[in-house]
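Chains as they are written, first to last, in this note's numbering: chain U, 1 to 433; chain H, 1 to 433.
What follows is a short report on a single structure.
Number of protein chains: 2
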Amino acid sequence: MNSEDIRGFFASKEQLDMADYLTLDYYLECVGDIETALAHFCSEQSTAQWKRVDQDEDFRPRYAAKVISLTVEGELAALSYPVQHFESGPVHACRVTIAHPHCNFGTKLPNLLSAVCGEGVFFTPGIPVVKLLDIGFPDSYLKAFDGPKFGIDGIRDLLQAYNRPIFFGVVKPNIGLTPAQFAEIAYQSWLGGLDIAKDDEMLADVDWSTLIERSRVLGEARVRAERETGEPKIYLANITDEVDRLLEQHDIAVSNGANALLVNAFPIGLSAVRMLARHTKVPLIGHFPFIAAFSRMEKYGVHSRVMTKLQRLAGLDSIIMPGFGSRMMTPEEEVKANIAECLQDFGHLKRSLPVPGGSDSALTLETVYRKVGSVDFGFVPGRGVFGHPMGPKAGATSIRQAWEAIEQGIELERYAVGRAELQVMVDGANGKK
Amino acid sequence: MNSEDIRGFFASKEQLDMADYLTLDYYLECVGDIETALAHFCSEQSTAQWKRVDQDEDFRPRYAAKVISLTVEGELAALSYPVQHFESGPVHACRVTIAHPHCNFGTKLPNLLSAVCGEGVFFTPGIPVVKLLDIGFPDSYLKAFDGPKFGIDGIRDLLQAYNRPIFFGVVKPNIGLTPAQFAEIAYQSWLGGLDIAKDDEMLADVDWSTLIERSRVLGEARVRAERETGEPKIYLANITDEVDRLLEQHDIAVSNGANALLVNAFPIGLSAVRMLARHTKVPLIGHFPFIAAFSRMEKYGVHSRVMTKLQRLAGLDSIIMPGFGSRMMTPEEEVKANIAECLQDFGHLKRSLPVPGGSDSALTLETVYRKVGSVDFGFVPGRGVFGHPMGPKAGATSIRQAWEAIEQGIELERYAVGRAELQVMVDGANGKK
C-alpha cells in the first residue's frame with residue numbers, strides 16, 4: 001500500500017459516527033513499518049480490496065475498519081512467541097483501538113466473531129502476534145440483544161436469597177453415579193444448606209444417566225428438600241448437547257423439575273446460547289470449557305474478558321469462570337475483569353451472576369468474598385462439599401458455617417469450635433486429619 | 001494422590017477394549033512429579049472424585065481416562081510460556097496418549113469438545129502448558145456420524161471436473177458491492193474459467209446485500225454463465241448466521257440458485273455444522289475464522305489438525321484452511337497435516353476437498369500443486385482473480401492458463417508468451433507492471 005492507501009484506514013473518533021462502529025482493542029506485535037501493518041490489519045478485517053479494477057470508487061469511508069487510537073509500547077528484540085511470517089524489520093509492541101463498522105456483519109454473534117477474531121485479524125501481513133483485549137458496543141448495537149432473562153436479581157428472587165453469595169455445589173463423583181445415587185447426594189447437600197446442586201460440566205445426557213431420568217429423580221429430590229428445609233432450592237441440569245437437541249432438552253429437563261440449566265457455552269457456540277436464552281423458562285448458566293485454549297497466553301489469542309462479555313450478551317444469567325488463586329492459573333486482575341464484565345453497566349442488559357470457581361471449600365470462601373468485593377457472586381465447591389469426610393450434608397453445612405463466620409466477623413478457626421462440619425475442614429487444612 | 005490412587009489412571013492398551021475409548025495425543029509440560037501430574041490430568045478430565053465418601057466403590061475402571069503411552073522428551077529450564085501455577089519442581093516436556101472412555105459423553109460434538117479441550121485438560125494441577133495434538137476415533141464411534149454428504153467426488157460430479165484442482169475465487173471487493181455489481185463480477189470470473197465464485201467469509205446476510213437478493217441475482221448469473229460456457233458452475237453463498245436461522249438460510253439460498261454453501265465453522269459451532277450437513281441439499285464448505293486463536297502457538301492450545309478432523313466429522317464437503325508460504329504463518333508440515341486429514345481414510349466418511357488458501361494467484365498455483373502432491377485440492381485466489389489488472393474474467397483465465405502450463409509441463413514464463421492474461425501476472429511479479 002502507498003501512503004494514500006494507508007491514510008484511508010486511519011481516522012479520529014470525532015470524524016466518525018461512533019454509533020455505527022464497534023471499538024476493538026488489540027495488543028499487536030508489528031513487524032516492519034507500523035502504519036503499513038495497521039492499514040493491512042484494518043483492510044484484512046474489512047474491505048481487503050476497496051475498489052473494483054477500473055472503477056472510480058472507494059468503499060473505505062463506509063466499510064473500512066479504521067485505527068482510531070495507537071500507542072506504541074516499545075520495540076522488542078523479537079516476537080514474544082516464535083511465529084513463521086513473511087515480513088522483516090523492527091518489531092514493535094502496540095496497543096490499538098479499531099473502529100469496525102458493524103454494518104459489515106450485523107447483530108449476529110457468529111458473524112461478529114468472524115470479524116473480530118477471524119482470518120483478517122490473525123493473518124495480517126506484518127502482525128504475527130495479536131490478542132483481542134476488549135470489544136466496545138454502542139447502545140444502538142446492544143439493543144438487538146435481549147441479554148440475561150433472569151440475571152442476578154431473578155436468581156435471587158427464585159431462591160429468596162439476598163445479601164449473601166449463592167451457594168452452588170458440583171455433585172461428585174461427577175461421572176459414574178446412577179441418577180438415584182446422584183439424587184440422594186444432591187438431596188443431602190440441599191439439606192446441609194446448598195442453594196444449587198449442579199451437574200458437572202462433563203455430565204450431560206448419557207445412556208447410563210439420561211437427562212430424562214436424572215432430571216426426574218433430581219426434580220423429586222429437590223421438592224423434598226424444599227419441603228424439609230422450607231427454602232427454595234435449584235437443581236441445575238447440564239443440557240449441553242448437539243444444538244438441534246437443545247430446545248427439546250430444555251423442555252424435558254424443565255418439565256421434570258430442573259429449575260435452572262447449564263450449558264458449556266463455547267462448545268455449543270455463543271449463537272446456540274442466544275437461541276436457548278430466548279426459549280428458556282429458567283435461568284441459564286454457562287460453564288467455561290475451551291476458553292483457556294485461546295485466552296491463557298498473555299499476548300496472544302483472545303482475552304477471557306471478551307468471552308465473558310459475549311456470554312452475557314448471548315443471555316447467560318450466570319457465568320462460571322476460572323476463579324482466584326494459582327490453582328486456576330489465571331491472574332487475579334483477569335478474574336476481577338471477568339467478574340466486572342458480569343456486574344458493570346452494559347446497555348440495557350441485566351447483570352449476570354459471576355461464579356469464579358476452582359477447588360473451593362469452606363476454607364476459601366472468605367478469600368473469594370474479599371476479592372470479589374461484594375455478595376454478588378456464586379460459590380461453587382465440588383469435592384469441598386461432596387468429598388467432605390462427614391458426607392455431603394456436612395460439606396454443605398461447613399460452607400454455610402463459613403459464611404456465618406464472615407457475616408459475624410469471627411475468625412474461621414474460632415467459629416469452628418463446637419461446629420463439627422467446619423472443624424473437620426479446619427483440622428484438615430492444619431494437617432490434623 | 002497416593003501411589004495407589006495414581007495407578008488407577010495408568011493402563012496398557014492391551015488391558016482395555018479400545019473400541020470404548022478415544023485416544024487423545026497431548027503435548028504437556030509437567031511441573032513436579034510426572035506420574036502425579038498425569039494422574040491428575042486423567043482424573044480432572046474424567047472422574048475427578050471416583051468414589052463417594054464411605055462407600056466401597058471405584059469408578060475408575062469404567063469411567064477414568066487413562067495414560068496408555070508416555071514419552072518424556074526432556075527437562076526444561078522453565079515452562080515454554082509463563083503461566084501462573086501452584087506447583088513447584090522440575091519441568092518436563094512430555095508426549096502422552098490418553099485413552100478416554102467415550103461413554104462419558106457420547107457421540108455429541110459439544111460434549112466431545114468439553115472432554116478433550118475442557119476445564120479438566122486446561123486446569124490440571126501441575127500441567128500449566130498443554131496442547132491437544134490429535135484425536136483417534138474407533139470405528140464404532142465414527143458410525144454415529146454421517147460425515148460429508150458429497151465429498152470430493154460429489155463436488156467433482158457436480159462440476160464435471162476431474163483430474164485437476166477445483167478453481168475457486170473469492171469475489172472482491174468482498175465488502176461493499178451491491179448484489180448486482182457482485183453478480184456481474186462473478187459472472188465474468190465464471191466466463192474466464194472459475195468453477196466456483198464465492199462470497200467472502202466476511203460477507204453474509206446484511207441489509208446492503210441480503211442473502212435473498214444476492215443469491216437470486218447470483219443464481220441467475222450462474223445459469224447464464226453455464227449456458228455461455230457449456231460448463232457447470234457453482235455460486236458458493238455464505239450463510240453464516242445465528243444457528244436458529246441456518247436451515248432457513250440454506251433453503252432461501254438453495255432455492256434461489258446457490259448450489260453450494262459456505263459457513264464459518266467455528267463461529268457457528270461444529271454442532272451447527274453437523275445439523276446443517278444433515279439438512280443440506282448442496283455441498284457444504286467451511287471457512288476457518290477463529291481457529292488460529294488457539295492453534296498458532298507451537299506448544300499450547302489445540303492443533304489445527306484436530307479442527308480439520310472434527311470439521312470433516314461434522315460433515316463439511318470441503319474445508320478452506322490457511323495455506324502454504326509464510327504469508328499464512330503456518331508451518332508447511334501443519335498445512336500438509338490438515339490436507340491429509342481431509343484425504344486420508346477415516347472410517348466410512350467421505351473425503352473432504354482441502355482448500356489451502358491465502359493470497360494466491362496464477363503465480364502460486366504450481367507451488368501449491370507440488371506441495372499438495374495431487375489434484376485433489378481447491379485453489380482459492382481473491383485479489384489474484386478480482387484484482388487482476390485486466391479484470392476478473394482475465395484473472396480467472398490467468399489461473400486456467402497457469403494450470404495448462406503445469407499440465408503440459410511448460411515453464412510459466414514461457415507459456416505466458418502470447419497469453420496476455422498470464423503475461424500481465426508474470427510481468428507484475430517481475431516488476432514490469
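Here a beta-carbon is modelled for each residue, glycine too, at the ideal position from N, C-alpha and C.
7 Å Cβ shell around residue i - same chain, five flanking residues per side excluded
i: U:Ala-161; result: Asp-195
i: U:Val-217; result: Pro-179, Ala-180, Ala-183
i: U:Pro-110; result: Ser-271
i: U:Glu-75; result: Pro-90, Val-91, His-92
i: H:Lys-13; result: Ile-68
i: U:Ile-291; result: Phe-266, Ser-304, Met-307
i: U:Cys-117; result: Leu-132, Val-302
i: H:Pro-148; result: Arg-312, Gly-315, Leu-316, Asp-317, Leu-349, Lys-350, Ser-352
Contact set for residue i: own chain, Cβ-Cβ below 6 Å, skip 5 residues either direction
i: H:Ala-39; result: Met-1, Ile-6, Phe-9
i: U:Phe-41; result: Thr-124, Ile-127
i: H:Asp-200; result: Val-170, Asn-174
i: U:Val-415; result: For clarity, residue 415 of chain U is Tyr in the given sequence; the question names Val instead. Excluding residues within five positions, the ones whose Cβ falls inside 6 Å are Ala-405.
Neighbour flag for residue i against chain U, beta carbons, 8 Å
i: H:His-388; result: yes
i: H:Lys-51; result: yes
i: H:Met-328; result: yes
i: H:Pro-61; result: no
i: H:Asn-174; result: yes
i: H:Glu-201; result: yes
i: H:Cys-94; result: no
i: H:Lys-433; result: Only weak support exists for where H:Lys-433 lies, its pLDDT of 45 falling under 50; the value from the coordinates is given anyway. Cβ-Cβ to chain U under 8 Å: no for H:Lys-433.
i: H:Ser-271; result: yes
i: H:Gly-81; result: Contrary to the premise, residue 81 of chain H reads as Tyr rather than Gly in this sequence. Closer than 8 Å: yes.
i: H:Trp-403; result: no
i: H:Cys-42; result: no
i: H:Asp-251; result: no
i: H:Val-206; result: yes
i: H:Val-380; result: no
Bridge partner(s) assigned by DSSP for residue i
i: H:Val-72; result: H:Cys-94
i: U:Asp-134; result: U:Asp-25
i: H:Phe-168; result: H:Ile-196
i: H:Glu-261; result: Reading off the sequence shown, one finds Leu at residue 261 of chain H, where the question assumed Glu. In DSSP, H:Leu-261 forms a bridge with H:Ala-237, H:Leu-284.
i: H:Phe-379; result: H:Phe-167
i: H:Leu-353; result: H:Ser-318
i: H:Val-31; result: H:Val-91
i: H:Ser-209; result: H:Val-206
Rounded distance between the beta-carbons of residue j and residue i, thought under 8 Å
i: U:Leu-203; j: U:Pro-283; result: In fact, because the Cβ distance is near 19 Å, the residues do not count as touching under 8 Å.
i: H:Ser-398; j: H:Ala-362; result: 4 Å
i: H:Glu-220; j: H:Leu-191; result: The Cβ separation is near 15 Å, so there is no contact.
i: U:Leu-316; j: H:Pro-267; result: Between H:Pro-267 and U:Leu-316 the Cβ distance is about 18 Å, and since that is not below 8 Å, they are no contact.
i: U:Val-263; j: U:Thr-240; result: 5 Å
i: U:His-85; j: U:Val-31; result: 6 Å
i: H:Lys-309; j: H:Glu-332; result: In fact, because the Cβ distance is near 19 Å, the residues do not count as touching under 8 Å.
i: U:Leu-211; j: U:Ala-237; result: 7 Å
i: U:Phe-324; j: U:Pro-354; result: Rounded, the Cβ-Cβ distance is 12 Å, inconsistent with contact.
i: U:Met-328; j: H:Tyr-81; result: Actually they are not in contact, since the Cβ atoms of U:Met-328 and H:Tyr-81 sit about 16 Å apart, beyond 8 Å.
Cutoff 8 Å: residue i Cβ touching any chain H Cβ
i: U:Trp-190; result: no
i: U:Lys-309; result: no
i: U:Val-368; result: no
i: U:Glu-411; result: no
i: U:Ser-140; result: no
i: U:Met-321; result: no
i: U:Asn-430; result: no
i: U:Asp-241; result: yes
Neighbourhood of residue i by C-beta, 8 Å cutoff - its chain only, sequence neighbours within 5 removed
i: H:Ala-64; result: Gly-8, Phe-9, Cys-42, Ser-43, Ser-46, Thr-47, Trp-50, Pro-101
i: U:Thr-71; result: Cys-94, Arg-95, Val-96
i: U:Gln-188; result: Gly-391, Pro-392, Lys-393, Ala-396
i: H:Val-273; result: Val-263, Ala-265, Leu-284, Gly-286, Gln-311, Ala-314, Gly-315, Leu-316
i: U:Met-18; result: Ala-99, Pro-138
i: U:Phe-59; result: Thr-47, Trp-50, Lys-51
Does the pairing of the region 272 to 282 of chain H with the region 246 to 257 of chain H give three or more beta-carbon distances under 8 Å?
yes
Kindly confirm or deny that the region 376 to 383 of chain H and the region 163 to 172 of chain H touch, where touching means at least three C-beta pairs closer than 8 Å.
yes
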